[in-house]
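Single-structure report; data block below.
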Amino acid sequence: MALSLHNTISRKVEPFIPFDPTGKKVGMYCCGPTVHDFAHIGNFRTFVFADLVRRYLEFRGYQVNHVMNITDVEDKIIRRVREQSTTLAQYTTKYSNAFFEDLKTLNCVAPHHIPKATDYIPEMIDLISRLMERGIAYQAPDQSIYFSIEKYQGCGCQYGQLVKLDFEEMRQGDRVSEDEYEKECVADFALWKARVPDDGEVYWPSPWGEGRPGWHIECSAMSMKLLGTSFDLHLGGEDLAFPHHEDEIAQSEGANLQEEGKPFVKYWLHGAHLLVEGKKMSKSLGNFFTLRDLTDQDYNGREIRQLMISAHYRETFNFTLDGLAGARTALNRINECATKLREAAGNTQANPATEVVEKFTTALDDNLNVSSAWAAVFDWVRDCNRKLVDNSMDPETAASELAAWEHIDTVLGVGVDQEEAPAELIELMEERTKARKAKDFSRADAIREELTSKGWTIEDTAEGPRLKRL
RNA sequence: GGCGGGGUAGCCAAGUGGUAAGGCAGGGCUCUGCAAAAGCUCUAUCGCCGGUUCGAUUCCGGCCCUCGCCUCCA
Numbered sequence: 001m002a003l004s005l006h007n008t009i010s011r012k013v014e015p016f017i018p019f020d021p022t023g024k025k026v027g028m029y030c031c032g033p034t035v036h037d038f039a040h041i042g043n044f045r046t047f048v049f050a051d052l053v054r055r056y057l058e059f060r061g062y063q064v065n066h067v068m069n070i071t072d073v074e075d076k077i078i079r080r081v082r083e084q085s086t087t088l089a090q091y092t093t094k095y096s097n098a099f100f101e102d103l104k105t106l107n108c109v110a111p112h113h114i115p116k117a118t119d120y121i122p123e124m125i126d127l128i129s130r131l132m133e134r135g136i137a138y139q140a141p142d143q144s145i146y147f148s149i150e151k152y153q154g155c156g157c158q159y160g161q162l163v164k165l166d167f168e169e170m171r172q173g174d175r176v177s178e179d180e181y182e183k184e185c186v187a188d189f190a191l192w193k194a195r196v197p198d199d200g201e202v203y204w205p206s207p208w209g210e211g212r213p214g215w216h217i218e219c220s221a222m223s224m225k226l227l228g229t230s231f232d233l234h235l236g237g238e239d240l241a242f243p244h245h246e247d248e249i250a251q252s253e254g255a256n257l258q259e260e261g262k263p264f265v266k267y268w269l270h271g272a273h274l275l276v277e278g279k280k281m282s283k284s285l286g287n288f289f290t291l292r293d294l295t296d297q298d299y300n301g302r303e304i305r306q307l308m309i310s311a312h313y314r315e316t317f318n319f320t321l322d323g324l325a326g327a328r329t330a331l332n333r334i335n336e337c338a339t340k341l342r343e344a345a346g347n348t349q350a351n352p353a354t355e356v357v358e359k360f361t362t363a364l365d366d367n368l369n370v371s372s373a374w375a376a377v378f379d380w381v382r383d384c385n386r387k388l389v390d391n392s393m394d395p396e397t398a399a400s401e402l403a404a405w406e407h408i409d410t411v412l413g414v415g416v417d418q419e420e421a422p423a424e425l426i427e428l429m430e431e432r433t434k435a436r437k438a439k440d441f442s443r444a445d446a447i448r449e450e451l452t453s454k455g456w457t458i459e460d461t462a463e464g465p466r467l468k469r470l
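Just so it is clear: in the first sequence, position 46 is 46 by our numbering, and no numbers are missing.
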């Protein structure tokens with residue numbers, strides 16, 4: 001068995017074979033956030049999905065080079081910079097820092113490279129120059145540079161690889177912003193936007209005059225710079241397939257920097273969107289959440305993460321508060337089991353048990369069938385609990401099962417280290433034990449209540465009482 | 001209208017040509033000073049109608065419903 005993934009280009013699940021001749025190194029790019037505000041949980045579903053892919057590739061032994069960009073120049077950002085009389089850097093730093101904190105909360109592994117668009121202006125200009133030289137880009141009367149779909153197709157390139165669209169039928173709609181009306185064809189898109197008064201201080205010099213990059217060019221420039229002109233995986237939310245990713249392909253392949261016969265990207269993965277309480281997130285419906293909105297309600301990052309990766313990435317997922325509560329219970333079940341295994345194992349070390357790891361791997365190999373992978377985990381939890389109950393869990397087996405879980409959790413990223421109770425609480429617990437022996441149950445219960453008020457609970461187990469965080 | 005996802009128990013969600021994983025919630029039992037944890041156990045004819053088949057939830061056709069994209073939204 002080997003890993004296979006759904007490729008948007010072919011619309012099929014294909015065996016994953018990286019470009020690297022040794023089959024080890026994998027280049028992976030994920031479109032990151034536009035830092036105009038705090039990211040919402042819909043955004044994070046995509047980033048957690050990317051994190052799962054990255055972790056699973058590493059679990060499978062690949063050496064991943066993971067790149068995620070930060071888009072720090074864009075219409076909305078520029079507008080807010082103007083409205084708030086601040087600077088671009090000041091404004092975007094605030095939200096990109098918040099974004100990094102949120103990623104950490106969700107226990108996402110930091111990408112190896114996190115390029116900011118504004119740090120790659122020269123690379124973008126080079127790429128646009130190349131497209132100008134090849135005659136695929138042109139300068140419109142408004143001084144902006146546009147990508148010509150027609151010229152691109154004239155070079156024998158295919159526009160519309162990711163999404164089948166009838167470009168003949170396309171009309172210039174309301175959503176086409178005013179500063180783009182001078183382009184030759186509706187489908188053409190901006191590579192470089194000429195400076196306008198509203199841009200304020202946000203502009204860079206270029207061979208075509210002052211201005212700023214278009215939306216798509218940054219990802220082409222940064223991904224090719226950091227991962228090479230052809231790389232293995234490109235991920236993003238499903239809405240990005242068109243136009244963003246389609247245009248990335250056009251720019252990157254239009255520049256013709258790839259080796260003969262190699263595409264810009266081999267596998268395109270798109271994560272489906274999130275509904276919240278069954279509806280599309282919107283501020284007017286009151287179901288619009290940033291990560292902070294949820295952590296403020298005392299849900300932690302692991303719970304949110306678990307819920308987000310409880311269902312297949314290609315299917316719309318209904319994110320609910322009930323679901324979050326369920327995630328909490330489900331994770332407790334796993335943590336409980338891991339704690340008991342740790343106790344049973346003591347200092348014994350062992351290699352990971354193979355059965356659960358194999359089931360888990362088989363599930364994820366199949367286009368990241370994470371639901372099935374969770375089933376393997378929970379089946380394993382029940383099996384372990386049975387053995388713990390009937391005392392057939394010897395230290396070697398416990399250590400081996402625990403190691404298996406730790407291995408699996410390098411992918412899931414939801415395990416929690418057991419928090420040590422403070423000494424004074426342990427004293428209280430011991431006092432309660434004495435009270436119980438003396439049949440002074442009212443004193444014992446009083447101590448239980450006192451501990452509860454401090455956020456801890458006592459569980460009386462066969463091995464004696466145990467303090468647990470509430 | 002075009003393209004692409006979906007419709008499986010109260011909720012979330014896998015999966016298969018031979019009568020359906022897992023999680024949450026709920027009921028019962030065991031254990032328990034209390035409590036918790038854990039174990040056992042109960043709860044579904046898989047959107048509708050046809051067709052193919054010995055047999056379909058799974059394949060084919062039609063229909064209904066729902067969601068997303070269709071130019072800067074993950």
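All residues carry an ideal CB built from backbone N, CA and C; glycine is no exception.
Check	Outcome
Three-state secondary structure (DSSP) at T329?	helix
May I ask which residues mark the beginning and end of the beta strand (DSSP E) holding C30?	K25 to C30
Do Y313 and A375 have their C-beta atoms closer together than 8 Å?	no
Please classify C155 as buried or exposed, where buried requires at least 16 neighbouring CB atoms within 10 angstroms.	exposed
In terms of alpha-carbon separation, which member of N287, G228 and D409 lies closest to V109?	D409
Are the Cβ atoms of N318 and G261 separated by less than 8 Å?	no
If I304 and L412 are in contact, beta carbons under 8 Å, what's the gap, nearest whole angstrom?	About 13 Å separates the two Cβ atoms, so there is no contact after all.
With a Cβ-Cβ cutoff of 8 Å, do N369 and V13 count as a contact?	no
Which class does W208 belong to by DSSP, given the choice of helix, strand or coil?	coil
Three-state secondary structure (DSSP) at E459?	strand
Which runs of the alpha helix (DSSP H) spanning at least 4 residues fall entirely within the stretch 218-248, listed in chain order?	none
Does the stretch 340-348 touch the stretch 127-145, meaning 3 or more C-beta pairs lie closer than 8 Å?	no
Using 8 Å as the cut-off, can you tell me whether the stretch 413-427 makes contact with the stretch 376-386, which would need three or more C-beta pairs spanning the two stretches below that distance?	no
Assign Q63 to one of three DSSP states: helix, strand, or coil.	strand
Excluding five sequence neighbours on each side, which residues of the same chain lie with their C-beta closer than 6 Å to the C-beta of E123?	A221 and K225
Unbroken beta strand (DSSP E) runs of length 3 or more, entirely within the stretch 234-313: which are they?	265-271 and 274-276
For A117 and T354, I'd like the C-alpha separation in whole angstroms.	44 Å
Keeping to the same chain, check which residues put their C-beta closer than 8 Å to that of P465; ignore five residues upstream and five downstream.	M429, R432, T433, I458 and E459
With DSSP collapsed to three states, give me the class of Q139.	strand
Which complete alpha helix (DSSP H) runs does the stretch 316-396 hold, if anything under 4 residues is left out?	321-345, 354-365 and 370-389
Under 8 Å between the Cβ atoms of D102 and L291?	yes
Got a sec? Which residues, its chain only, sit under 8 Å from Q153 by beta carbon, not counting five neighbours each side?	Y159
Straight-line CA distance for D322 to Q297?	13 Å
Check whether the Cβ atoms of L127 and E246 sit closer than 8 Å, and answer yes or no.	no
Beta-carbon separation of L274 and Q306 under 8 Å?	no
Find out if the Cβ-Cβ distance for the pair G415, T105 is shorter than 8 Å.	no
Between K76 and the rest of its own chain, which residues show a CB-CB distance below 6 Å, the 5 nearest in sequence each way excluded?	H36
Can you give me the start and stop residues for the beta strand (DSSP E) that R469 sits inside?	G464 to R469
Would you kindly work out how many angstroms separate the C-alpha atoms of C157 and S252, rounded to a whole number?	11 Å
Can you grab the Cα-Cα spacing for the pair N287 / W268, in whole Å?	30 Å
Using CA coordinates, which residue listed in A344, F47, H113 and Q139 is at the minimum distance from A478?	The chain is shown from 1 up to 470; residue 478 falls before or after that span and cannot be answered.
Could you name the residues of the same chain whose beta carbon sits closer than 6 Å to that of G32, not counting the 5 residues immediately before and after it, in chain order?	M68, N69 and I70
CB Y56 to CB S223, shorter than 8 Å?	no
Got a sec? Which residues, its chain only, sit under 7 Å from F99 by beta carbon, not counting five neighbours each side?	P33, V35 and A39
Keeping to the same chain, check which residues put their C-beta closer than 7 Å to that of P111; ignore five residues upstream and five downstream.	H66, V67 and M68
Please report the distance separating the alpha-carbon of Y91 from that of V202.	12 Å
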